[in-house]
Amino acid sequence: MMRMPNLPTVAIVGATGAVGREMITILESRGFPLRSLRLFASPRSVGSRIAFAGGDIACETLDHGMPEKVDLAFFSAGKSISKEWAPKFRDAGALVVDNSSAFRADSSCPLVVPEVNAHALDAIDRPTIIANPNCSTIIALVAVTPLHRAIGVERMVAATYQAASGAGAAAMAELESQARAFAAGTTMDTTIFGRQYLFNVFSHNSAIGADGSNEEERKLLTETQRIWGSTAVRVSATCVRVPTLRAHAEAIHLEFARATTEEEIRALLAHAPGVTVIDDRVQNRFPEPLMAAGGDDILVGRIRMDRSVVGDRGAALFVCGDQIRKGAALNAIQIAEHFLPQTVADNPA
Ligand SMILES: NC(=O)c1ccc[n+]([C@@H]2O[C@H](COP(=O)([O-])OP(=O)(O)OC[C@H]3O[C@@H](n4cnc5c(N)ncnc54)[C@H](OP(=O)(O)O)[C@@H]3O)[C@@H](O)[C@H]2O)c1
Numbered sequence: 050m051m052r053m054p055n056l057p058t059v060a061i062v063g064a065t066g067a068v069g070r071e072m073i074t075i076l077e078s079r080g081f082p083l084r085s086l087r088l089f090a091s092p093r094s095v096g097s098r099i100a101f102a103g104g105d106i107a108c109e110t111l112d113h114g115m116p117e118k119v120d121l122a123f124f125s126a127g128k129s130i131s132k133e134w135a136p137k138f139r140d141a142g143a144l145v146v147d148n149s150s151a152f153r154a155d156s157s158c159p160l161v162v163p164e165v166n167a168h169a170l171d172a173i174d175r176p177t178i179i180a181n182p183n184c185s186t187i188i189a190l191v192a193v194t195p196l197h198r199a200i201g202v203e204r205m206v207a208a209t210y211q212a213a214s215g216a217g218a219a220a221m222a223e224l225e226s227q228a229r230a231f232a233a234g235t236t237m238d239t240t241i242f243g244r245q246y247l248f249n250v251f252s253h254n255s256a257i258g259a260d261g262s263n264e265e266e267r268k269l270l271t272e273t274q275r276i277w278g279s280t281a282v283r284v285s286a287t288c289v290r291v292p293t294l295r296a297h298a299e300a301i302h303l304e305f306a307r308a309t310t311e312e313e314i315r316a317l318l319a320h321a322p323g324v325t326v327i328d329d330r331v332q333n334r335f336p337e338p339l340m341a342a343g344g345d346d347i348l349v350g351r352i353r354m355d356r357s358v359v360g361d362r363g364a365a366l367f368v369c370g371d372q373i374r375k376g377a378a379l380n381a382i383q384i385a386e387h388f389l390p391q392t393v394a395d396n397p398a
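The numbering of the sequence shown is my numbering, which starts it at 50 and goes up by one.
Right, dumping it as structure tokens:
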């Protein structure tokens, strides 16, 4: 397997965005070893400086061509920037982890959630573009994969409740501004979604296809099948935006290949990597976006059998995960950590 240098030169493209800023915070808090960090954003951000490791780093633009030697590049500047620039970074020798959807369906680019299919990274022996899955897919699969491995998921039906931050820093700012406008009794800015978001719920803002599904719903199907390496699983989703700032929630109904019990599901989730179970029926305390925001784990609760599936083969869960962290920035950095030299990975700073 390919290994990076002990102290790689790291670049973040999209450093001023919701995901980019989170990656900078996580690199620092996890003591990710690096020689230097290069931060790239649009020409709008030229002159901006971002705090890192006791100093600050000036943002650069990509207009001046390829930067000199970069060992590891994280991309979070949207699909078109990734399509244009990620191959250039790879061809110049960088391992690339891309947060956009640009390479998720490309069979030469592994699509990875480390808790689920880290083995897909082991075959990489040269600079490659690795795709981070869609945030709703990551959140669902961290929780559901341990059940799939043990009991076999034949069908998954998910309803998502997606936060503003999933649409980027500007969407988060618009929801906050609508709250201020409501309190002040002034007109709300509706630039991002073209409608009032505060006190509202609406269909996910991705393109609707000919079959009536939006892109986010289709990603849950195609990416789950790719990550599990099987087209046998059937997935149906309804994805909506809710006026939370950060952390997505998902109601997930599962149909298994064989009969199971609530006890078996609880036991599997109790030991699942990246999962924290919050399931207190007495106190009515279950996962909430505010509990998940800022954390690394996917919170899982409302664990119960789904009696609409015959033969004890159905179960239902409610999950929450910080989609800027585990749904994007943290997942990308966990992928990169896989390529650190073994001695460094075992003894982080
Ligand atoms: N937000 C999430 O929860 C989430 C989850 C999973 C995946 N993603 C994906 O991650 C990517 C970034 O999302 P985000 O939410 O962080 O978006 P965002 O907050 O809107 O940030 C976009 C970033 O891209 C930069 N950018 C725009 N044009 C550029 C250019 N020409 N050259 C270099 N940088 C440019 C922006 O710089 P300026 O500040 O200078 O404009 C900003 O740093 C998207 O592909 C998104 O689909 C996001």
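Quick reminder that beta carbons are idealized off the backbone N, C-alpha and C, glycines included.
Per-residue DSSP class, three states only, for residue i
i      : result
GLN372 : coil
CYS158 : coil
PHE124 : strand
THR325 : strand
THR209 : strand
PHE231 : helix
THR273 : helix
ASN166 : helix
SER252 : strand
ASN183 : coil
HIS297 : strand
ILE73  : helix
VAL68  : helix
ALA341 : helix
HIS387 : coil
HIS320 : coil
MET354 : strand
GLU266 : helix
PHE138 : helix
THR194 : helix
ARG283 : strand
GLU312 : helix
ASP112 : helix
SER85  : strand
ALA259 : coil
GLY80  : coil
Contacting residues, own chain, Cβ-Cβ under 6 Å from residue i (five flanking each side not counted)
i      : result
GLU311 : MET354
ALA135 : PHE124, VAL145, ASP147 and ILE178
TYR210 : VAL291 and ALA298
ASP328 : GLY350 and ILE352
ILE382 : ILE75
ARG139 : VAL145, PRO176 and ILE178
ARG283 : ARG204
CA-to-CA distance, residue j to residue i, given in whole angstroms
i      : j      : result
THR273 : GLU304 : 15 Å
ARG315 : PHE335 : 14 Å
ASP105 : LEU269 : 38 Å
PRO195 : ALA281 : 17 Å
ARG356 : VAL62  : 47 Å
ARG295 : LEU389 : 30 Å
ASP112 : ARG307 : 56 Å
THR309 : ALA286 : 23 Å
GLY278 : HIS168 : 12 Å
LEU190 : HIS197 : 9 Å
MET221 : PRO54  : 37 Å
ILE188 : ARG374 : 10 Å
ALA107 : ALA228 : 32 Å
SER226 : HIS387 : 40 Å
ALA102 : GLU77  : 6 Å
LEU379 : LEU339 : 18 Å
LEU318 : MET50  : 30 Å
GLY96  : ASN333 : 49 Å
MET72  : THR236 : 34 Å
ILE384 : ALA219 : 27 Å
LYS132 : ARG330 : 47 Å
SER129 : VAL193 : 31 Å
GLY114 : LYS137 : 9 Å
Integer-rounded CB distance, given that residue j should sit under 8 Å from residue i
i      : j      : result
ARG153 : LEU160 : 5 Å
ALA321 : ASN181 : Not quite, the Cβ-Cβ distance comes to about 20 Å (not below 8 Å), so this is no contact.
ALA199 : THR293 : In fact, because the Cβ distance is near 31 Å, the residues do not count as touching under 8 Å.
VAL368 : ILE301 : 6 Å
SER150 : ASN183 : 7 Å
ILE99  : ASN166 : Not quite, the Cβ-Cβ distance comes to about 32 Å (not below 8 Å), so this is no contact.
PRO116 : ALA208 : Not a contact, Cβ separation roughly 43 Å.
Nonlocal neighbours in the same chain, by C-beta distance under 8 Å from residue i, ignoring five residues either side
i      : result
GLY258 : GLU264 and ARG267
GLY142 : LYS118, VAL119, ASP120 and PRO176
ARG249 : Going by the sequence as given, residue 249 is Asn instead of Arg. These residues qualify, in order along the chain: PRO292.
LEU224 : ALA213, TYR246, LEU247, PRO292 and LEU294
Short CB-CB distance (under 7 Å) between residue i and chain D
i      : result
ASN166 : The structure shown has no chain D; it contains just one protein chain.
Neighbourhood of residue i by C-beta distance below 7 Å, restricted to the same chain and skipping five residues each side
i      : result
ASP346 : GLY323, VAL324 and THR325
ARG84  : LEU56, PRO57 and THR58
GLU109 : ARG87, LEU88 and PHE89
GLY215 : CYS184, HIS297 and GLN372
HIS253 : GLN211, ASN263, GLU265, CYS288, VAL289 and ARG290
Distance cut-off 6 Å: residue i Cβ against heavy atoms of ligand 2
i      : result
ASN254 : As far as ligands go, the structure on display features ligand 1 and does not contain ligand 2.
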